[in-house]
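> Mind looking over this structure? Questions follow.
In my numbering, the protein residues as written are 3 to 107.
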C-alpha cells in the first residue's frame, strides 16, 4: 500500500508446498533496480526467493527443517545480508543476498 492505494499484488502460491510453514517475508530493492522477496519456510529449512520483475522463484535450503525460521534483512554499504535464526539453535546464519539471488550458495 502506498498512500492508501494498492500498488501490486504478487502471487506466491506456486512458491510454497502443502506442508510449508511460511514464517517471514522480507523485501529487498537492489541498486540495480530489481526487487526480490525472501520468505522463510521452516518445514524445509529454506528461503524461498522470488524475483518480482521476471516472476521467477526458487528455494534455497539453508538449514535442516525447524519449528521456527525467522529472517531479517540488514543493508550494509557494499552489500546486504539476510540474517536467519532457527528456533532451538544457538547462533545465527548470515547469508549474502547476492548468493541467494544467484540461486546457489
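All C-beta atoms, glycine included, are put in the ideal place defined by N, C-alpha and C. None of the values given here were measured: they were computed from a predicted structure.
Go through its chain and collect everything with a Cβ distance to residue 107's Cβ below 8 Å, but skip five positions before and after it.
Low local confidence applies: a pLDDT of 49 at residue 107 is under 50, so the model's placement there is unreliable, with the coordinate-based value given in what follows. For residue 107, where only same-chain residues beyond five positions count, the Cβ hits under 8 Å are 62, 64, 97 and 101.
> On the CB-based measure, 16 or more other CB atoms within 10 Å of its CB, does residue 99 come out buried or exposed?
buried
> To the nearest whole angstrom, what separates the beta carbons of residue 76 and residue 83, a pair I think is in contact under 8 Å?
5 Å
> Does the beta-carbon of residue 5 have 16 or more other beta-carbons within 10 angstroms, so that it is buried, or is it exposed?
exposed
> Can you have a look at residue 43 and say buried or exposed, based on whether 16 or more other CB atoms are within 10 angstroms of its CB?
Classification of residue 43: buried, given that the 10 Å Cβ count is 16 or more.
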